Amino acid sequence: MDGTDDREPLVEVENVRKLFDLSQGIVDTVLGREPQPVRAVDGVSFEIQRGDTIGIAGESGCGKTTLGKLLVKLYEPTEGTIRFDGREITDLTNEEEREFRQRVQMIFQDPFESLNPRMTVFNTVEEPLKINDMADSYDERRRRVKEVLEDVGLGPADVYLDAFPDELSGGERQRVAIARALVVDPDFVVCDEPVSMLDVSIRAGVLNLMKRLQDEYGLTYLFISHDLSLIRYMCGRAGIMYLGNMIEKGPTDDIITDPKHPYSEALFDAVPDVALGDERRRANATGEVPSPRNPPSGCRYHPRCAHVIPPDDWTGSQDAFRRALQFKLKVERSDIGPETVDGSDTSDPTRELVEHGLTLDVPEEYRSETEMETGGSRVDLTAVDLPSDAREALFDAAEALNGGDRDAALGALDGVVTTVCEREYPEPRTAGSRSVECHLYGDDATSATDSGVAAAPTED
Amino acid sequence: MTRISGRYLAKRIVVSYLTLLVIMSLLFVLLRSMPGSFITSMINPQMTREQIERIRETWGLNEPLWRQYVQFMINYQTGDFGRSPTYSTAVSELMLRRLPRTLILFGSTFIVGYIVGPLVGMYLGWWRGSNKDKSIFSSSLLMYSMPSFWIAWLFIWLFNYHLGWLPSSYMFTQFPEFEWTAFTVMRDVLYHLALPLLSVSFIGWVGAMLIMRPSMNNVTEEGYVFLARAKGLSERTVMLKHAARNALIPVATGAIVGLAFIIDGAVVIENVFSWPGMGQLIVNAVLSRDFPVAQAAFFVIAALIVVMRLFTDVVYTYLDPRIKFGEGE
Amino acid sequence: MTLLEVEDLSVRYAVDDDSAVHAVDHVSFDVEAGETYGLVGESGCGKTTLAKSLIHLLDSNGYVESGHVWYDGTLPAWEDDHGEAKQAVIDDPDKPVRGDGKTDLAALSNSQIRDVRWRDIALIPQSAMNALNPVYKVGDQITEAILRHEPETPKQEADDRARDLLERVGIEPERADDYAHQFSGGMKQRAVIAMAMACNPDMLIADEPTTALDVIIQDRILEELEAIQEEFGVSILVISHDISVMAEICDRMAVMYGGKIMESGRTRDIFEETSNPYTLGLKNSFPTITEADQELVSIPGTPPTLRDPEEGCRFRARCPFAIEECHSSHPPMYDVEEAIETGRLVEAADQRAHRSACYRVDELDTIRTQATKEETWTEQTIESR
Amino acid sequence: MATERSDDRSTLEAARKRWEPRFERLRSGWSRFTEHRMGVVGLFIFVVYVLWALFPGVFAPHSTQWVAYLGEPPFDARLSAEQIETLPHPPAFGDPFFAPLGTNSDGQGVLTLLIYSAYNAMYIGLAAGLLSTLVGVPLGLISGFYGDTWIDETIQRFVDIMYGLPFLPFLIVLVAIRGMSTTNIIIGIAVTSWLNNCIVIRGETLSLKERSYVESAKVAGASDTRIIFRHIMPNVLPLSFVYLAQDAAGAILAQASLAYLGLADFTSLSWGIMLRNIQNSGYVFQAWWWLIPPGLALMLLAAAFYFIGFSMEDVTNPQQ
């Protein structure tokens, strides 16, 4: 799948951003509310070669659907350019736009919503032809519609033509949706989770149909899914998205067998597998995906990252730094304070708070023994390899928190618990066959290991 | 501990104020756009030139239109509604006198309607589609379809004319034989309030029911209602504590529509029962072409709605913690 | 020790006066104490209906038509000091309690089953994301469950227990004072798990516990369920359409189709010694992330509507291995080992054995080989039969 | 629309093919509607009133000029004092004259007036309902379709303010200023009653707009008008009928209230005016045959509209 770059790419996406402003009412404007846009897609670049199937994977809210809709011009990008067949799609003339609408189609996730309940199958599939004036007569349109319906496995077509969507099963509906997309003979189809609403036993049929039609119609697909096994089945190349960024892209097999970005790694670890046998490794990531309305600075993933990079002068372990960073993040989110500990350690409440703040919210296999004993509420300080200045800073911060002064606590941590991942966004860099947006790789990475898997917890 | 989102309230207050400004402007436009001039109706042939001139002057008709508008807006915002030609007092005084009487009727019907309506709506929504639901729902629609004055007459015929239990007009006994103490007055007012209250409430509760019923029905599908059952709670607890509490949220937002409906009923009913409130005032003023009073009465009723709406907003924030913490909307 | 014995259970949904949806049809299985049992199947196969019917949580038009749900535990009023059924209750022919102390949940009245719910069997509903009431504090919703079943508990103690439970599932105890909308998706799911453990039940029904969750959160919730089971020794009945999740967490499982159990047994047996055409087809159509060049094959056709189903195997219309006999009646659950070893079709005596509802279990080798070939599953070959 | 050169039969055949599924839909919708007894009752009452309104002469025993004792004009005599004394006359069946619901104080037959007044109520209800639908639905569609833009914001703020207006007092002032003609009353009712329509249609449009079939149409290149008219409107129209019915009922009742308050056109034949006349002539508690029928007629017509409306809501509600 690699080495196809000598061909002219069909779709080129360059540094595209899409922000959704939550609308500001007149009254909000009067009251001076700050607009806080949702950064749905935040600087994404990639190319799609003719005839390829490229997969976009990621969790809900990562911006994959928005990206798909940008490509079919359902949304206009806030920034950046999208070129289709060499033409920038934001400034098409009317004539070019018509042509674009014929050549680019989309298949939606929910087959129960993607068909107008008040239109028959025939009307639904016929509509793109009508809009684009692609057939001369009613009879011709009818012929064409029948042809496509039979192509997508809905034969004999006469049975389906006059049916309304609510008379069809989920699989049949999705086939109608595919027929509707293909009736204008497009070049490029964006498929947004096309089988996620379908039952397992029917899924494979739709996927195989899509593969077959790709050859017959000479299609190029963008395949969006949260299901990594589907991406693997369908796509030669793939991109992994996290909070609006495409953090890793390259050949699918390579990404899956040897993920470079710590997020990709966690994502693949988390997928359960029917293959029984050895215990699967769990995902090493803390917490949950933050709101795209107020994403973390620098690398969006750094607050959850297992391999977050300590500063150059950090003398302790990476695990200790990760814990210290968690402490700092908890202070920033106001998630920690005297009320979050049970106060059982009356002799040293400050130490109790520090030990509470240094815990990691990760699966058991990544926790230290003392953490396990306390059910994750405390970690023994002696087992954390902290440099002395960091240790001091943490105690100062905990003291300030106990005194109710959050700003002072943040001040104490400032400059000590700091990381390049928080300061700078990692520009894409090459790692093996892939492009990765992570500081672990490339010149400025200090503690990079090629596999991307950093040291195990410090007790070892 | 529960703090109400200040921003949400501030927003509602600004909206309320703007609403009042627009209503004032609307009144101004309405009156000046009257065919001919609205003061012609106040002038009778016996008036002297000076008198007519004085009327023109008090209404500022000699000024350019924009000055009239500015003056009108200032006057209204400072509570200066002008003088009434028929009552020959300051309109604002008249309003102050009438408003409390109207509030008694509006307020009591509102309370009755918004207790009975949601309760019945809760019941019907919970059992939606059952025979009980069908029969109660269609009979309440029949009630909703009755002309309010007509049902009032039927009540008067039954309770006053036929049974002689309750008075059919006025707010107080005209020639009382009892001493005027706070208690007797209150009792007397309640005695006179009974029939008007019954007449408006008879129809007024249906509005709240119409919102509560589907809302309750939607809530029965919710996961938390299912979970409440799975916890082993009794049907009664599930309905009252888990379902109804959530179903009430849209009722609070819809309360304002129902309120307007109740006010409509009350305006008519005041006339049936000679209840000396704003509704009677506005109709008399219109019929005697006393525009300063009609205009001000209309404004006061509108303001009442706006204030009540602010109140329902507060109730709303109380009912829905998502608003209370300024995160919803 | 068997905790739950479902015996020949049939559940129907009344559609109109004279027809019904046979959502669950003559289903039998056992759940051991402390194990995780899975019910897997596609939408509409009856798995959720089955689980809900155990504690009478069906929609208003659903009802148990026949069968028993024997549960090792009984109503508080019928219990002696050790939590066992009183002898007097066992002897009373009017009370649905068996000689071994098991109670037939299906025979309990509505008010009786309410005492069983949550105290003996708790349930994590399908849409756990919406399972928390938005207008009450999360902690109060846990306390409510405690006070319902242990009314003598002081309010303060119940509150402390709620906080402990939250902490146990990894939520800061002071979040008990928060409302559901202040929780993230994963936290809501944890809170519901905490709530489910509030009365220390012996059995937990988890209906699609991870379906709406992202994969990393799903991973954590699965871990949480395992940890809960380890700590409380609770049996978990998991319902899911995702066979990879089932493969990971279940000790034993049953594959359902069209209101029937098609195959059941130890998870390992089901995946490695698959003995039913439907399970084979399901496996064929399920993509895995670890295999590089797999070929997915779908099962042709669509699942049956269960409204007054015809006689015969529920799967026969989509089954490439259907024979004449399959049209006569739905096959009973045959003992797979028996069929392999002796080549005889014997109904499984033990619910816990590896069972399969197929008239051709004695030809497993042929069926397994053929099932791997794509052409076996194409529409034409099936229609030609 | 099949304009190609083909013989009539195939054109007809094609048209039949295209329309048949739609008729099928209507038929099934109708059968679902008839499951609601309430809706069927409402429809029956509605039909009766429509017949009254269109052919009052067929149903009424007399013309509106008919006077008790004297009969139809031209009159050759005048009412004697004793005869006047008996007015309003209770129901009489042939002796001394035929008036099944009695007469009013002027000697006119109550049943005759009742039937002839149906036209006025029907006219006001349907005209005001239609007018408010014609205002509310397009505004709701526009507001929803351009949701979260300044267009939507403007319309919604306007609606917000209009909600602050007390409906009946506003009508009173409006009618007082603009004159008490039926047309003014209809316009006044329509001006104040489109709000619910607008809000509901907007909400529905907002949610329909997010459906992927609308996005799918956009991807296929459909224009805004095509999306609104082909994809959104057919799905909101049933809902707007529900509100049309409710608005019609509200209008009929509002007109009656205005008539009672003395703010209606007294030359028109209407149930509200009939009730007003009872009060004016002071027979409210004496002539039950005169008091009950107009109120009942009003109630049944308003109820018929509500019944039809709410039953339709049930039928069109996708949740059911």
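Residue numbers (numbering that gives the first Met the number 0), protein chains in the order written: chain Y, 0 to 459; chain L, 0 to 328; chain Z, 0 to 384; chain P, 0 to 319. Cβ coordinates follow ideal geometry from the N, Cα and C atoms, glycine included. Owing to the predicted nature of the structure, the values given are computational and were not obtained by experimental measurement.
Going along the chain, which residues of the segment 237-257 of chain L sit with their C-beta nearer than 7 Å to a C-beta in chain Z? His241, Arg244, Asn245
How many angstroms separate the CA atom of valine 360 of chain Z from the CA atom of valine 5 of chain Z? 24 Å
Proximity to valine 63 of chain Z [Cα-Cα], best of Z/Ala22, Z/Glu78, Z/Thr73, Z/Pro75: Z/Ala22
Sequence-distant residues of the same chain with beta carbon closer than 7 Å to valine 40 of chain P, five excluded per side: Phe306
Cβ closer than 8 Å: which chain P residues qualify as neighbours of proline 275 of chain L? Going along chain P, no residue has its Cβ under 8 Å from proline 275 of chain L, so there is no contact; the nearest lies around 16 Å.
Grouping DSSP H, G and I as helix and E and B as strand, with all else coil, what is proline 99 of chain P? coil
One question on the structure: do glycine 59 of chain L and glutamine 76 of chain L come within less than 8 Å of each other, judged by their Cβ atoms? no
Closer than 9 Å at the beta carbon, the chain P residues around isoleucine 304 of chain L: Tyr162, Gly163, Leu164, Pro165
In the segment 227-240 of chain Z, which residues sit with their C-beta less than 8 Å from some C-beta in chain Y, listed in chain order? His240
In chain L, which residues lie less than 7 Å from proline 168 of chain P when you measure between Cβ atoms? Val266, Ile281, Phe297, Ile300
Can the beta-carbon of isoleucine 220 of chain Z be found closer than 8 Å to that of glycine 258 of chain Z? no
Please classify tyrosine 282 of chain P: does DSSP put it in a helix, a strand, or coil? coil
Short check: CB of glutamate 257 of chain P to CB of valine 174 of chain P, under 8 Å? The identity of residue 257 of chain P in the sequence shown is leucine, whereas the question assumes glutamate. For leucine 257 of chain P and valine 174 of chain P, yes; Cβs fall inside 8 Å.
Quick check: what's the CA-CA separation for tyrosine 262 of chain Y versus methionine 245 of chain Z? 25 Å
Taking only three categories from DSSP, how would you classify methionine 133 of chain Y? coil
As assigned by DSSP and simplified to three states, the class of tyrosine 440 of chain Z: Here chain Z covers residues 0 to 384 and nothing more, so residue 440 of chain Z does not appear.
Outcome for asparagine 244 of chain Y when other beta-carbon atoms lying within 10 angstroms are tallied against a minimum of 16: buried
What residue does the beta strand (DSSP E) around phenylalanine 222 of chain Y start on, and which one ends it? 219-224
DSSP-derived helix/strand/coil call for threonine 1 of chain Z: strand
Could you name the residues of chain P that arginine 100 of chain Y contacts, counting a contact when the two beta carbons are closer than 8 Å? Val218, Ala219, Gly220
Apart from the five residues on each side of it in sequence, which residues of its chain come closer than 7 Å, Cβ to Cβ, to proline 275 of chain L? Arg97, Arg100, Met170
Which residue from Z/Ala356, Z/Glu41, Z/Arg147 puts its Cα closest to that of lysine 282 of chain Z? Z/Glu41
Suppose only complete runs of 4+ residues qualify. What are the alpha helix (DSSP H) ranges in the segment 239-326 of chain Y, listed by chain order? 251-256, 261-269
Where lysine 63 of chain Y falls: helix, strand or coil (DSSP): helix
Taking only beta-carbon positions, decide if serine 195 of chain Y is within less than 8 Å of chain Z. no
When we look at the beta-carbon of glycine 342 of chain Z and count the other beta-carbons within 10 Å, is it buried (16 or more) or exposed? exposed
Using a Cβ-Cβ distance under 8 Å, would leucine 140 of chain L count as near chain P? yes
Quick check on the DSSP output: what are the complete alpha helix (DSSP H) runs of length 4 or more inside the segment 50-96 of chain L, in order along the chain? 64-76
Measuring only between beta-carbons, confirm whether methionine 37 of chain P sits less than 8 Å from chain L. yes
Which whole-angstrom value describes the C-beta separation of tyrosine 256 of chain Z and phenylalanine 314 of chain Z, a residue pair presumed to lie in contact below a C-beta threshold of 8 Å? 6 Å
Minimum C-alpha distance to serine 297 of chain Z - residue among Z/Cys325, Z/Cys318, Z/Gly311, Z/Asn132: Z/Cys318
Let me confirm a value: methionine 371 of chain Y is counted as buried when at least 16 other C-beta atoms fall within 10 Å, else exposed. Which label applies? exposed
In angstroms, rounded to a whole number, what distance separates the CA positions of glutamine 108 of chain Y and proline 36 of chain Y? 25 Å
Range covered by the beta strand (DSSP E) that runs through phenylalanine 19 of chain Y: 10-19
Please report the residue range of the beta strand (DSSP E) in which valine 78 of chain Y lies. Looking at the sequence itself, residue 78 of chain Y is glutamate, so the reference to valine does not match. Run containing glutamate 78 of chain Y: 78-83, per the beta strand (DSSP E) assignment.
C-alpha distance - methionine 196 of chain Y paired with aspartate 165 of chain Y, whole-angstrom precision: 15 Å
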